[in-house]
Amino acid sequence: TCSDGNTVKNKECCQLFPVLADLRALFRDDLCSPGGHGLLHLAFHDAIQFSKSDPKVGGGADGSILTFSNIEGAFPENVGVVQSTAALLHPLRSAHNISDGDLLHFAAAVAISSCSGAPRMRFLLGRPPAKAPARNGHMIPKATGNVKSVLQRFEAAGISASAVVALLAAHSTARNYVTDPSVIGAPLDSTPRVFDTQIFIETLLKGTRLAGTEGSDREAESALQGELRLRSDEQLARDPATSCFWQALAADQTLMENQFQSAMLQLQLLGQDTTTMIECSEVVPIPPPPPSQPHFPAGFSKFDIDQACATETFPSIPSLAGPRETVNLQ
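The opening position of the sequence shown corresponds to residue 61 in the working numbering, with each subsequent residue numbered one higher.
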């Protein structure tokens, strides 16, 4: 039993409860928010700086993006990702005696698990302090990259193509802050406050329009007015190497949750010695269930799908009733 009354299997995990309380206070009990998603985004940019064949690339999920934020925040790939979120976490870094790696990746696990529909994330404690910044930002996959280059980047870190697709479930709560300045806050699917499979369904709808007026080569046309689609998501949804697994996740919330939990744990342990780490997953909150099941947005059906998987037809899911749906920035 911890001094605050919480019970854990390993007393080392007790130190995470005050961190959890401070995170909730910092985000006003709303970690399933754009700010909370920023923690997940930052954790990804931290962890993917890793290569199985070249240790000089970076230390993986070691928190170096916080420890050396002045250096890594200047990488072109990290512009708009690092500084604001790193600044938010600064008071917690000085208030708690845990490494930057543990702080960042625990915060990301808590943020994910605060969203309806998310899996309860696992968390292992015990990342040592980062020794050096990542060499550069070149291991961070680009939204403009083709499927082959994106998968090669992940493969260099030891992450499979199916795990890459599973990780993109994180885009279900993502919003645009860089790709198109004319629609800041535009979501990537119609349910940005729910961790669900809509990102997989809606990215397969035939695109008809850009979200705003200042789109870049990072953006593809989306089907719903007000929704922004990343070019890399569109291509991964349609490529023979990934399209069938993408489609499988689209209609199966449980499969998506399980696959994302597994892939995210793998990502958050890149570069770490798990034999010295402590299982503290019981500190991570239990997420609320999703409020709805996989569906086509109002006004859309299977006839609007770009059928990319050659071996399986698109699963049968319902369409919401009503006029064709548009997505608000709120």
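Note that CB positions come from ideal geometry on N, CA and C, so glycine has one too. This structure is a prediction, so every number in the text was calculated from the model and none was measured.
Please state if the CB of residue j and the CB of residue i are separated by a distance shorter than 9 angstroms.
i           : j           : result
residue 248 : residue 232 : yes
residue 347 : residue 73  : no
residue 309 : residue 226 : yes
residue 178 : residue 83  : no
residue 321 : residue 180 : yes
residue 182 : residue 159 : no
residue 204 : residue 291 : yes
residue 356 : residue 288 : no
residue 209 : residue 240 : no
residue 297 : residue 360 : no
residue 116 : residue 195 : yes
residue 137 : residue 198 : yes
residue 363 : residue 307 : no
residue 279 : residue 268 : no
residue 121 : residue 128 : no
residue 351 : residue 312 : no
residue 102 : residue 170 : no
residue 144 : residue 190 : no
residue 105 : residue 141 : yes
residue 156 : residue 79  : yes
residue 354 : residue 377 : yes
residue 207 : residue 299 : yes
residue 250 : residue 387 : yes
My output table needs one value for residue i: the three-state DSSP class, helix, strand or coil.
i           : result
residue 142 : coil
residue 289 : strand
residue 343 : helix
residue 46  : The structure shown does not extend to residue 46, since the chain is modelled only from 61 to 390, so the question has no answer here.
residue 219 : coil
residue 176 : strand
residue 84  : helix
residue 63  : coil
residue 135 : coil
residue 356 : strand
residue 335 : helix
residue 265 : strand
residue 247 : strand
residue 259 : helix
residue 108 : coil
residue 254 : strand
residue 125 : helix
residue 233 : helix
residue 379 : strand
Could you tell me whether any Cβ in chain B is nearer than 9 angstroms to the Cβ of residue i?
i           : result
residue 360 : Considering every chain present, this structure includes no chain B. It has just one protein chain.
Do you know whose CA, among the options, lies nearest residue i's CA?
i           : options            : result
residue 135 : 89, 88, 202        : 202
residue 75  : 184, 110, 317      : 184
residue 305 : 286, 228, 128      : 228
residue 66  : 147, 344, 382      : 344
residue 200 : 286, 349, 88, 108  : 108
residue 99  : 148, 385, 128      : 148
residue 271 : 140, 246, 295      : 246
residue 220 : 165, 164, 139, 302 : 302
residue 383 : 365, 358, 367, 369 : 358
residue 130 : 250, 154, 192, 112 : 192
residue 161 : 126, 62, 132       : 126
residue 94  : 242, 119, 252      : 252
residue 295 : 152, 113, 224, 77  : 224
residue 218 : 243, 113, 133      : 113
residue 318 : 63, 257, 71        : 257
residue 293 : 81, 273, 230       : 230
residue 255 : 274, 173, 242      : 173
Say the cut is 8 angstroms; is the CB of residue i nearer than that to a heavy atom of the ligand FMN?
i           : result
residue 143 : In the structure on display, the ligand FMN does not appear, and there are no ligands present to speak of.
Segments of 4+ residues assigned as alpha helix (DSSP H) that fall wholly inside the region 296 to 328: 303 to 310, 313 to 328
- prompt: With a cut-off of 8 angstroms, do at least 3 Cβ pairs link the region 325 to 339 to the region 260 to 277?
  reply: no
- prompt: Taking only runs of the alpha helix (DSSP H) that begin and end inside the region 150 to 212, which ones reach a length of at least 4 residues, in chain order?
  reply: 160 to 173
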